[in-house]
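Since the structure comes first, as structure tokens, the remarks are kept for the end.
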Amino acid sequence: MISGIENYKNQKEIELLNTAIKNLENTLYTANHSSSPNLIAIAKLEILKSQLEIKKNNLEEALSSSHYSMGELTFKENELLSIAPKNVELNKEQELHQISATNYDIAIARLDEEKSQKDITLAKKSFLEDVNVTGVYYFRSKQYYNYDMFSIALSIPLPIYGKQAKLVEQKKKESLAFKSEVKNTKNKTHHLALKLLKKLETLQKNLEALNKIVGQNEKIAQIYALDLKSSGDYNAYYNAFNDKINIQITQLETLSALNSAYLSLQNLKGLE
1 MISGIENYKN QKEIELLNTA IKNLENTLYT ANHSSSPNLI AIAKLEILKS
51 QLEIKKNNLE EALSSSHYSM GELTFKENEL LSIAPKNVEL NKEQELHQIS
101 ATNYDIAIAR LDEEKSQKDI TLAKKSFLED VNVTGVYYFR SKQYYNYDMF
151 SIALSIPLPI YGKQAKLVEQ KKKESLAFKS EVKNTKNKTH HLALKLLKKL
201 ETLQKNLEAL NKIVGQNEKI AQIYALDLKS SGDYNAYYNA FNDKINIQIT
251 QLETLSALNS AYLSLQNLKG LE
């Protein structure tokens, strides 16, 4: 799913870049056919267009390498960048408690520890071997004997206590190692969870700021675009357009990172 988020983000960036490149082509046509072309501004717009085309080509190559194409994503596309709840606020203690209870790695480590405890019990039982009682009945001919016979045999194995003691000691050491592994796995998982929680908090704040900037940049770029016919200030338009595209790409990347981090946190809980 995380790779799906990345691929969908790349697809949306490609759509954004295609629109931007088309707008630049129209602007360049107008600039080149003006009565007094600003050659420096035109050159800067040409460079920007080439830079956007390179970025688009790299994104298309990334999609192709990951075995996805533009129209073949199998996820519900409108949901891939909205997996994380809006304005997500997570309680750190609750998240860590749930992870401790449901994380796969922690659960496996606990099962290994429980098995090691049972191994200790079995090793201790080996001190007391099974006692065998055997009974035999002898039927004898009346012609020679006036009675039959019955015998009982009692077998009590004598354990080699040094060997058994070493086995118990070995199992205890193994149990301590498994117990330590539970603690290490839990600490490692909690550390990763705390990093993801901090990352989610930072990305959420960044996204809120970016959402405001995107709207303002869009207005500025529109104003300069409308003023081009009268002012011919292509340098100002170039700066505004460049800022607009960069901030929109940053917004998409931040949104993608936010949803990937949230999904990683859910995976730590054992949720798919």
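Numbered per full-length UniProt numbering, the sequence shown finishes at 272, counting up by one with no gaps. C-beta atoms are modelled at their ideal positions from N, C-alpha and C, and glycine is treated no differently. Remember, predicted model here, so these are calculated numbers, not experimental data.
{"query": "Quick check on GLU72: buried or exposed, where buried means 16 or more other Cβ atoms within 10 Å of its Cβ?", "result": "Bear in mind that the predicted position of GLU72 carries a pLDDT of just 49, short of 50, making it too unreliable to give a figure here."}
{"query": "Our contact map puts LYS244 next to ALA221 with C-beta atoms below 8 Å; I'd like the distance itself, whole angstroms only.", "result": "4 Å"}
{"query": "Shortest alpha-carbon distance to THR134 belongs to which of ASN267, ILE152, LYS219 and GLU201?", "result": "ILE152"}
{"query": "With a threshold of 8 Å, are at least 3 pairs of Cβ atoms found where one atom belongs to the region 4-14 and the other to the region 33-50?", "result": "no"}
{"query": "Could you say which of VAL88, VAL182 and SER64 lies nearest to ILE108 if we only look at CA atoms?", "result": "VAL182"}
{"query": "Looking at C-beta atoms only, is the number of pairs between the region 175-190 and the region 111-120 that lie closer than 8 Å three or more?", "result": "yes"}
{"query": "Since I believe LEU96 is in contact with HIS190 (beta carbons under 8 Å), could you give me their beta-carbon distance rounded to a whole number of angstroms?", "result": "6 Å"}
{"query": "Between GLY215 and SER175, what straight-line distance do the alpha-carbon atoms span, to the nearest angstrom?", "result": "60 Å"}
{"query": "List the whole-angstrom C-beta distance separating ILE223 from ILE247, where the pair is believed to meet the contact cut-off of C-beta under 8 Å.", "result": "About 16 Å; that fails the 8 Å criterion."}
{"query": "For GLU173 and LEU167, what's the separation of their Cα atoms in angstroms?", "result": "Residue identity differs from the one stated: residue 173 is Lys in this sequence, not Glu. Near 10 Å, if we compare the C-alpha coordinates of LEU167 and LYS173."}
{"query": "Going by CA-CA distance only, name the one from LEU255, SER260 and ALA123 that's closest to GLN164.", "result": "ALA123"}
{"query": "Just checking my contact of ILE99 with LYS269 at CB under 8 Å: how many whole Å lie between their CB atoms?", "result": "5 Å"}
{"query": "At which residues does the alpha helix (DSSP H) containing HIS33 begin and terminate?", "result": "Premise fails: HIS33 is in no alpha helix (DSSP H) and is neither H nor E."}
{"query": "Using beta-carbon positions only, say whether ALA257 and LYS205 come within less than 9 Å of one another.", "result": "no"}
{"query": "So, at 8 Å on beta carbons, what are the nonlocal neighbours of SER260 in its own chain, with the 5 sequence-adjacent residues on each side left out?", "result": "ILE2, ILE5 and GLU6"}
{"query": "Within its chain, find whatever has a CB closer than 8 Å to the CB of LEU24; leave out the 5 residues flanking it on each side and keep chain order.", "result": "LEU45, LEU48, LYS49, LEU52 and PHE241"}
{"query": "For THR254, does the count of other Cβ atoms within 10 angstroms reach 16, so buried, or fall short, so exposed?", "result": "buried"}
{"query": "Measure how close the beta-carbons of TYR234 and ILE21 come, nearest whole angstrom, since I'm counting them as under 8 Å.", "result": "Rounded, the Cβ-Cβ distance is 17 Å, inconsistent with contact."}
{"query": "Report back the beta-carbon spacing between LEU197 and LEU90 to the nearest angstrom; my notes put them in contact at under 8 Å.", "result": "6 Å"}
{"query": "Among ILE249, ILE54 and ALA101, whose alpha-carbon lies nearest the alpha-carbon of ASN217?", "result": "ILE249"}
{"query": "From the DSSP output, in three-state form, read off LYS269 for me.", "result": "coil"}
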